[in-house]
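Enquirer: Residue numbers (this note's numbering): 13 to 84. Glycine is no exception: its CB is placed at the ideal position from the N, C-alpha and C atoms. In this text, all values refer to a predicted model and were calculated from it rather than measured experimentally.
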Ligand SMILES: [Zn+2]
């Protein structure tokens with residue numbers, strides 16, 4: 013218990029974060045790297061590609077009611 017706070021480590025390079033202004037990264041360099049990873053991850057969609065649009069199931073609009081047929 014020395015009272016010394018554990019210095020956070022940069023998630024990018026693992027170095028000690030000396031400047032709290034760039035926390036949680038050790039510097040602007042690693043911050044940009046992390047930003048790039050985010051952008052790349054957002055552009056690259058995980059998972060299988062979307063299936064091609066298929067035609068909707070055929071809906072028979074003919075109701076079958078012969079309205080034009082005179083009922084005599
Ligand atoms: Zn770093």
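Quick one: what does DSSP say residue 18 is sitting in, helix, strand or coil?
Expert: For the purposes of this step, residue 18 is identified with residue 6 of the chain shown, where counting begins at 1. Three-state DSSP puts residue 18 in coil, outside helix and strand.
Enquirer: Mind checking whether the beta-carbon of residue 15 lies closer than 7 angstroms to any heavy atom of ligand 1?
Expert: For the purposes of this step, residue 15 is identified with residue 3 of the chain shown, where counting begins at 1. Flag unset: Cβ of residue 15 not near ligand 1.
Enquirer: Rounding to the nearest angstrom, what Cα-Cα distance links residue 47 and residue 37 in this structure?
Expert: Your numbering for residue 47 matches position 35 in the chain shown. Your numbering for residue 37 matches position 25 in the chain shown. So the alpha carbons of these two residues sit roughly 11 angstroms apart.
Enquirer: Work out the CA separation of residue 24 and residue 31 for me, nearest whole Å.
Expert: Position 19 of the chain shown, counted from the start, is the residue given in the question as residue 31. Position 12 of the chain shown, counted from the start, is the residue given in the question as residue 24. Each residue's alpha carbon lies about 15 angstroms from the other.
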